[in-house]
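Colleague: So the sequences go chain by chain: A and X.
For the first sequence, numbering that gives the first Met the number 0 assigns the number 0 to the initial residue and increments by one for each residue that follows.
For the second sequence, numbering that gives the first Met the number 0 assigns the number 0 to the initial residue and increments by one for each residue that follows.
Backbone N, C-alpha and C fix where the C-beta goes; we use that ideal spot for every residue, glycine too.
In this text, all values refer to a predicted model and were calculated from it rather than measured experimentally.
First, the structure itself, so that you have it in front of you.
2 protein chains.
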Amino acid sequence: MKCGIIGAGAVGGYYGGLLAKNGFDIHFLLHSDYLYVKKNGLFIESKDGDYHLSDVNAYSKAEDMPLCDLVIVALKTTENYQLPAMLPHIIKDNGIILILQNGLGVEKEIADMVPKASILGGLCFLCSNKVGPGHIKHLDYGSVIIGEYLHEYRPSGINGNMKLIADLFKNAGISVQLTENLGLARWKKLVWNIPFNGLSVILDATTDQLMAHPSTRCLAENVMREVITGAKHCGFFIEKEYADDMLKLTEQMTAYKPSMKLDFEAGRQMEIEKIYSQPIYESASAGYDMVSTRAICLQLEYLDIKAAFDRSDSH
Amino acid sequence: MKCGIIGAGAVGGYYGGLLAKNGFDIHFLLHSDYLYVKKNGLFIESKDGDYHLSDVNAYSKAEDMPLCDLVIVALKTTENYQLPAMLPHIIKDNGIILILQNGLGVEKEIADMVPKASILGGLCFLCSNKVGPGHIKHLDYGSVIIGEYLHEYRPSGINGNMKLIADLFKNAGISVQLTENLGLARWKKLVWNIPFNGLSVILDATTDQLMAHPSTRCLAENVMREVITGAKHCGFFIEKEYADDMLKLTEQMTAYKPSMKLDFEAGRQMEIEKIYSQPIYESASAGYDMVSTRAICLQLEYLDIKAAFDRSDSH
Numbered sequence: 000m001k002c003g004i005i006g007a008g009a010v011g012g013y014y015g016g017l018l019a020k021n022g023f024d025i026h027f028l029l030h031s032d033y034l035y036v037k038k039n040g041l042f043i044e045s046k047d048g049d050y051h052l053s054d055v056n057a058y059s060k061a062e063d064m065p066l067c068d069l070v071i072v073a074l075k076t077t078e079n080y081q082l083p084a085m086l087p088h089i090i091k092d093n094g095i096i097l098i099l100q101n102g103l104g105v106e107k108e109i110a111d112m113v114p115k116a117s118i119l120g121g122l123c124f125l126c127s128n129k130v131g132p133g134h135i136k137h138l139d140y141g142s143v144i145i146g147e148y149l150h151e152y153r154p155s156g157i158n159g160n161m162k163l164i165a166d167l168f169k170n171a172g173i174s175v176q177l178t179e180n181l182g183l184a185r186w187k188k189l190v191w192n193i194p195f196n197g198l199s200v201i202l203d204a205t206t207d208q209l210m211a212h213p214s215t216r217c218l219a220e221n222v223m224r225e226v227i228t229g230a231k232h233c234g235f236f237i238e239k240e241y242a243d244d245m246l247k248l249t250e251q252m253t254a255y256k257p258s259m260k261l262d263f264e265a266g267r268q269m270e271i272e273k274i275y276s277q278p279i280y281e282s283a284s285a286g287y288d289m290v291s292t293r294a295i296c297l298q299l300e301y302l303d304i305k306a307a308f309d310r311s312d313s314h
Numbered sequence: 000m001k002c003g004i005i006g007a008g009a010v011g012g013y014y015g016g017l018l019a020k021n022g023f024d025i026h027f028l029l030h031s032d033y034l035y036v037k038k039n040g041l042f043i044e045s046k047d048g049d050y051h052l053s054d055v056n057a058y059s060k061a062e063d064m065p066l067c068d069l070v071i072v073a074l075k076t077t078e079n080y081q082l083p084a085m086l087p088h089i090i091k092d093n094g095i096i097l098i099l100q101n102g103l104g105v106e107k108e109i110a111d112m113v114p115k116a117s118i119l120g121g122l123c124f125l126c127s128n129k130v131g132p133g134h135i136k137h138l139d140y141g142s143v144i145i146g147e148y149l150h151e152y153r154p155s156g157i158n159g160n161m162k163l164i165a166d167l168f169k170n171a172g173i174s175v176q177l178t179e180n181l182g183l184a185r186w187k188k189l190v191w192n193i194p195f196n197g198l199s200v201i202l203d204a205t206t207d208q209l210m211a212h213p214s215t216r217c218l219a220e221n222v223m224r225e226v227i228t229g230a231k232h233c234g235f236f237i238e239k240e241y242a243d244d245m246l247k248l249t250e251q252m253t254a255y256k257p258s259m260k261l262d263f264e265a266g267r268q269m270e271i272e273k274i275y276s277q278p279i280y281e282s283a284s285a286g287y288d289m290v291s292t293r294a295i296c297l298q299l300e301y302l303d304i305k306a307a308f309d310r311s312d313s314h
């Protein structure tokens with residue numbers, strides 16, 4: 000089974016690295032790190048043990064890659080505009096695409112690009128950063144929830160493709176859970192991502208700081224309940240207690256910077272569209288206005304553009 | 000007519016300065032600038048002409064002040080906890096108290112402290128900063144809207160005290176407008192203050208930057224409409240077009256830092272309670288939850304406490 004991985008950052012480098020290390024036939028499509036990785040390979044510094052992959056199948060162009068049975072999309076969603084020019088070169092007819100991205104709406108977007116492929120969505124529970132060219136630092140966790148994408152996130156049941164990928168990942172030592180309801184899994188992840196990603200950027204705070212102050216804890220809770228209500232309007236039922244569980248979990252975590260905060264600090268565009276705009280839009284279309292979420296989204300859009308201007312000024 | 004002024008900052012220094020300059024019997028209660036002003040007087044740098052008051056009646060303790068017919072409260076609302084120990088020493092029985100402060104609920108608080116006094120509320124449309132000890136810089140505007148406070152902001156009609164104060168101010172060259180509905184005037188000012196004070200602090204932005212970006216312009220507009228709806232629930236009717244007018248006005252202003260932004264930058268506590276918490280509470284009590292306003296308020300509370308911690312760490 001030939002597997003292509005688009006992006007070798009915190010997500011693609013971590014999972015792709017584990018698959019390659021365990022002997023699977025892995026091909027990485029890289030951008031900025033291509034020359035470095037081609038020459039030096041990938042170095043994964045991990046709490047489960049560091050390792051170095053010296054001989055990596057690295058490509059700078061989709062056209063140069065072999066056709067793959069499985070393509071793992073591990074780009075930031077802000078780079079998805081590049082996918083229509085890439086995917087048709089990489090994916091076999093009736094191949095499987097596994098999308099390891101945040102937010103809502105990524106599967107539909109990609110399903111429209113490659114209508115013959117079977118689309119799986121994956122949610123990563125992973126603390127990992129790219130700390131240098133070809134250098135990934137894995138801090139904690141690493142499990143994935145995988146579900147099949149059907150039109151409008153209809154519940155899917157567990158199918159053969161899902162089991163195939165789950166076995167592949169498990170053989171590489173990655174913990175996998177399968178879900179019959181990918182939409183529900185995505186909304187559940189948003190319950191945490193929407194408050195903590197945005198507030199950490201806007202207030203320049205780590206999760207422990209947001210939890211320590213009663214006002215931001217209250218705001219995070221308000222937003223969580225709003226997201227749960229939004230999900231309900233879209234047909235995905237999340238128990239109210241899930242917000243309490245997520246707050247407790249966050250309280251027990253050490254000081255943590257959500258991915259959007261890391262993106263913002265590194266001068267990368269933030270994944271506002273898929274994590275905020277799309278859920279807000281879906282919920283509003285179903286008759287519920289997520290007002291606090293929208294306020295946070297609008298603040299983030301301001302900061303995102305301002306940072307882009309500031310960067311262009313300094314060039 | 001003996002007039003005491005509590006606070007000689009951007010507001011008290013500007014209006015008190017004009018009254019003193021025009022020959023009225025003015026007595027300033029000062030805190031940090033007492034010794035400086037006692038020795039050097041007040042210097043007002045103004046777009047209408049600079050002037051220096053060399054001989055200022057300055058006091059450091061309320062107990063040392065003469066009893067006054069009129070007391071103008073020109074403290075930040077965050078300092079109002081000091082007033083119960085001050086006002087009884089300064090105000091004559093049946094005297095007039097004019098409160099030149101921002102937000103909602105200041106009149107009730109002070110009426111409870113001095114039940115015999117007649118309470119007027121004033122809304123200042125003033126761009127002015129204290130730039131050094133006894134040194135006020137007046138940038139623009141300067142008019143005041145004055146109304147009488149009756150229990151629960153019931154409309155009052157125009158009475159003798161209001162006319163008396165209006166004449167006093169007009170004789171000092173200050174433009175005054177009287178209102179029969181102080182509550183309405185306070186809510187109308189909040190329509191601007193709530194979006195622009197908070198967002199300028201949270202996003203580290205001037206008004207022109209907030210207006211230039213469609214997302215923050217949209218958020219400001221959403222919040223304005225929310226405040227108008229909140230006011231309506233509390234019995235104060237503001238036309239919808241008022242939000243459009245305020246947005247247009249803000250667009251025409253030059254780059255401007257609202258008072259809360261200046262307070263935050265100077266390391267002063269922000270006036271969150273009177274500008275945010277109180278209106279949110281009043282509106283919620285009347286059955287309407289100002290959700291975006293509450294999100295902004297909770298963010299400000301976080302930043303306010305964080306700044307206080309950061310200051311204490313650096314000592």
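To the nearest angstrom, how far is the alpha carbon of residue 59(A) from that of residue 191(X)?
Modeller: Reading the first sequence from its first residue, position 60 is the one you call residue 59(A). Reading the second sequence from its first residue, position 192 is the one you call residue 191(X). If I take the Cα positions, the gap works out to 52 Å.
Colleague: For the pair the region 79-88 of chain A and the region 10-21 of chain A, tell me if three or more CB-CB distances fall below 8 Å.
Modeller: Output reads no: the region 10-21 of chain A does not touch the region 79-88 of chain A.
Colleague: If we call anything under 7 Å between Cβ atoms a contact, is residue 232(A) one with residue 287(A)?
Modeller: Locating residue 232(A) in the first sequence gives position 233, counting from the first residue. Locating residue 287(A) in the first sequence gives position 288, counting from the first residue. Taking 7 Å as the Cβ cut-off, residue 232(A) and residue 287(A) qualify as a contacting pair.
Colleague: Just the chain A side, please: which residues come within less than 9 Å of residue 215(X) by C-beta, in chain order?
Modeller: Walking along the second sequence from the start, residue 215(X) turns up at place 216. Result: 297, 298, 300 and 301.
Colleague: What did DSSP end up calling residue 68(X) once you bin it into helix, strand or coil?
Modeller: Taking the second sequence and counting its residues from 1, the one referred to as residue 68(X) is at position 69. Strand at residue 68(X).
Colleague: Per DSSP, residue 202(X) is paired with what?
Modeller: Numbered from its first residue, the second sequence carries residue 202(X) at position 203. Bridge partners of residue 202(X): none, in fact.
Colleague: Does the structure place the region 70-78 of chain A close enough to the region 45-53 of chain A that three or more beta carbon pairs sit under 8 Å?
Modeller: Counting Cβ pairs under 8 Å, fewer than three are found: no touch.
Colleague: Residue 230(X) touches chain A at which residues, Cβ-Cβ below 9 Å?
Modeller: For the purposes of this step, residue 230(X) is taken as the residue at position 231 of the second sequence. Here the premise fails: no neighbours, minimum Cβ distance about 18 Å.
Colleague: Nearest by alpha-carbon distance to residue 305(A): which of 213(X), 97(X) and 162(X) is it?
Modeller: As a working mapping, residue 305(A) is identified with position 306 in the first sequence. Considering only alpha carbons, the answer is 213(X).
Colleague: Going by CA-CA distance only, name the one from 243(A), 238(A) and 53(A) that's closest to residue 220(A).
Modeller: Working through the first sequence from its first residue, we reach residue 220(A) at position 221. Answer by Cα proximity: 243(A).
Colleague: Hey, quick one: how far does the alpha helix (DSSP H) through residue 232(X) stretch, first residue to last?
Modeller: Taking the second sequence and counting its residues from 1, the one referred to as residue 232(X) is at position 233. From DSSP, the alpha helix (DSSP H) with residue 232(X) extends over 213-232.
Colleague: What is the C-beta distance between residue 176(X) and residue 144(X), in whole angstroms, given that I count them as a contact (C-beta under 8 Å)?
Modeller: Here residue 176(X) refers to the residue found at position 177 of the second sequence. Here residue 144(X) refers to the residue found at position 145 of the second sequence. About 5 Å; that satisfies the 8 Å criterion.
Colleague: Mind reading off the beta-carbon distance from residue 90(X) to residue 120(X)? Whole number of angstroms is fine, and I expect it under 8 Å.
Modeller: Looking up residue 90(X) in the second sequence gives position 91. Looking up residue 120(X) in the second sequence gives position 121. Not quite, the Cβ-Cβ distance comes to about 16 Å (not below 8 Å), so this is no contact.
Colleague: If you follow the beta strand (DSSP E) that residue 279(A) is part of, which residue opens it and which one closes it?
Modeller: Within the first sequence, numbered from 1, the residue matching residue 279(A) stands at position 280. It is not in any beta strand (DSSP E) - residue 279(A) instead sits in the alpha helix (DSSP H) that spans 277-284.
Colleague: Report, in whole angstroms, the separation of the C-beta atoms of residue 215(X) and residue 297(A), which I expect to be a contact under 8 Å.
Modeller: Locating residue 215(X) in the second sequence gives position 216, counting from the first residue. Locating residue 297(A) in the first sequence gives position 298, counting from the first residue. Going by Cβ atoms, the distance from residue 215(X) to residue 297(A) rounds to 6 Å, so yes, they are a contact pair.
Colleague: With a cut-off of 8 Å on the beta carbons, I'd call residue 67(A) and residue 20(A) a contact; round off their distance for me.
Modeller: Position 68 of the first sequence holds residue 67(A). Position 21 of the first sequence holds residue 20(A). No, residue 67(A) and residue 20(A) are not in contact; Cβ-Cβ is about 18 Å, not under 8 Å.
Colleague: Does the Cβ-Cβ distance between residue 76(A) and residue 273(A) come in under 7 Å?
Modeller: As a first step, residue 76(A) must be located in the first sequence, where it is residue number 77. As a first step, residue 273(A) must be located in the first sequence, where it is residue number 274. Yes, Cβ-Cβ distance for residue 76(A) and residue 273(A) is below 7 Å.
Colleague: Under 7 Å, do residue 259(X) and residue 303(X) count as touching if we go by C-beta distance?
Modeller: Numbered from its first residue, the second sequence carries residue 259(X) at position 260. Numbered from its first residue, the second sequence carries residue 303(X) at position 304. No, Cβ-Cβ distance for residue 259(X) and residue 303(X) is not below 7 Å.
Colleague: Use the C-beta contact count for residue 310(X): other C-beta atoms within 10 angstroms, 16 or more gives buried, fewer gives exposed.
Modeller: As a position in the second sequence, residue 310(X) is number 311, starting the count at 1. With fewer than 16 Cβ atoms within 10 Å of its Cβ, residue 310(X) is classed as exposed.
Colleague: Sorted by chain position, which residues of the same chain lie with C-beta nearer than 6 Å to residue 132(A)'s C-beta, five sequence neighbours on each side aside?
Modeller: For the purposes of this step, residue 132(A) is identified with residue 133 of the first sequence, where counting begins at 1. For residue 132(A), where only same-chain residues beyond five positions count, the Cβ hits under 6 Å are 32 and 35.
Colleague: Report the CB separation of residue 3(A) from residue 26(A) in whole angstroms; it is logged as a contact under 8 Å.
Modeller: Residue numbering aside, residue 3(A) sits at position 4 when the first sequence is read from its first letter. Residue numbering aside, residue 26(A) sits at position 27 when the first sequence is read from its first letter. The Cβ separation is near 5 Å, so the contact holds.
Colleague: Any beta carbon of chain A sitting closer than 7 Å to that of residue 291(X)?
Modeller: On the second sequence, position 292 is the one that residue 291(X) refers to. It does: the Cβ of residue 291(X) has a partner Cβ on chain A nearer than 7 Å.
Colleague: Locate the alpha helix (DSSP H) running through residue 288(A), then write down its first and last residues.
Modeller: Indexing the first sequence from 1 puts residue 288(A) at position 289. Careful: residue 288(A) lies outside any alpha helix (DSSP H) and carries neither H nor E.
Colleague: In the structure shown, what three-state DSSP assignment does residue 253(A) receive?
Modeller: In the first sequence, residue 253(A) corresponds to position 254, counting from 1. Three-state result, residue 253(A): coil.
Colleague: Measure the CB-CB distance between residue 9(A) and residue 115(A) and report whether it falls below 7 Å.
Modeller: Within the first sequence, numbered from 1, the residue matching residue 9(A) stands at position 10. Within the first sequence, numbered from 1, the residue matching residue 115(A) stands at position 116. Cβ distance not < 7 Å, so residue 9(A) and residue 115(A) don't count as in contact.
Colleague: For a cutoff of 7 Å on Cβ pairs, would you count residue 88(X) as touching chain A?
Modeller: One-based indexing of the second sequence puts residue 88(X) at position 89. For residue 88(X), the answer is no, since every Cβ of chain A falls outside 7 Å of its Cβ.
Colleague: Can you name, in chain order, every residue of its own chain whose Cβ lies under 7 Å from the Cβ of residue 343(X), other than the five neighbours on each side?
Modeller: No statement about residue 343(X) is possible, as the shown extent of chain X runs from 0 to 314 and does not include it.
Colleague: Out of curiosity, what's the CA-to-CA distance linking residue 150(X) and residue 275(X)?
Modeller: Numbered from 1 along the second sequence, position 151 holds the residue referred to as residue 150(X). Numbered from 1 along the second sequence, position 276 holds the residue referred to as residue 275(X). When rounded, the distance between both Cα atoms is 21 Å.
Colleague: State yes or no: is the C-beta of residue 292(A) within less than 7 Å of the C-beta of residue 201(A)?
Modeller: Translated into positions along the first sequence, residue 292(A) becomes position 293. Translated into positions along the first sequence, residue 201(A) becomes position 202. Their beta carbons are not under 7 Å apart, which means residue 292(A) does not touch residue 201(A) by this criterion.
Colleague: Quick one: grab the DSSP three-state call for residue 303(A).
Modeller: The residue you call residue 303(A) lines up with position 304 of the first sequence. Here residue 303(A) sits in helix by DSSP.
Colleague: Between the beta-carbon of residue 146(A) and the beta-carbon of residue 184(A), is there less than 7 Å?
Modeller: Stepping through the first sequence from its first residue, residue 146(A) is reached at position 147. Stepping through the first sequence from its first residue, residue 184(A) is reached at position 185. Contact: yes.
Colleague: Have a look at the DSSP bridge pairing and note the partners of residue 42(A).
Modeller: Taking the first sequence and counting its residues from 1, the one referred to as residue 42(A) is at position 43. In the DSSP output, where bridge partners are listed per residue, residue 42(A) has 51(A) and 134(A).
Colleague: Just how far apart, CA to CA, sit residue 210(X) and residue 267(A)?
Modeller: Residue 210(X) sits at position 211 when you count from the first residue of the second sequence. Residue 267(A) sits at position 268 when you count from the first residue of the first sequence. Looking at the two C-alpha atoms, the distance is approximately 24 Å.
Colleague: Could you check if residue 104(X) is buried or exposed, using at least 16 other CB atoms within 10 Å of its CB as the buried criterion?
Modeller: Counting from 1 along the second sequence, the entry for residue 104(X) is found at position 105. It is buried - the Cβ of residue 104(X) has at least 16 other Cβ atoms within 10 Å.
Colleague: Please list the partners that residue 189(X) has in chain A, where partner means a Cβ-to-Cβ separation under 9 Å.
Modeller: One-based indexing of the second sequence puts residue 189(X) at position 190. Near residue 189(X) there are no residues of chain A at all, since even the closest Cβ is about 17 Å away, more than 9 Å.
Colleague: Which same chain residues, not among the five before or five after residue 53(X), have their C-beta less than 6 Å away from its C-beta?
Modeller: For this step, residue 53(X) is matched to residue 54 along the second sequence. Excluding residues within five positions, the ones whose Cβ falls inside 6 Å are 40.
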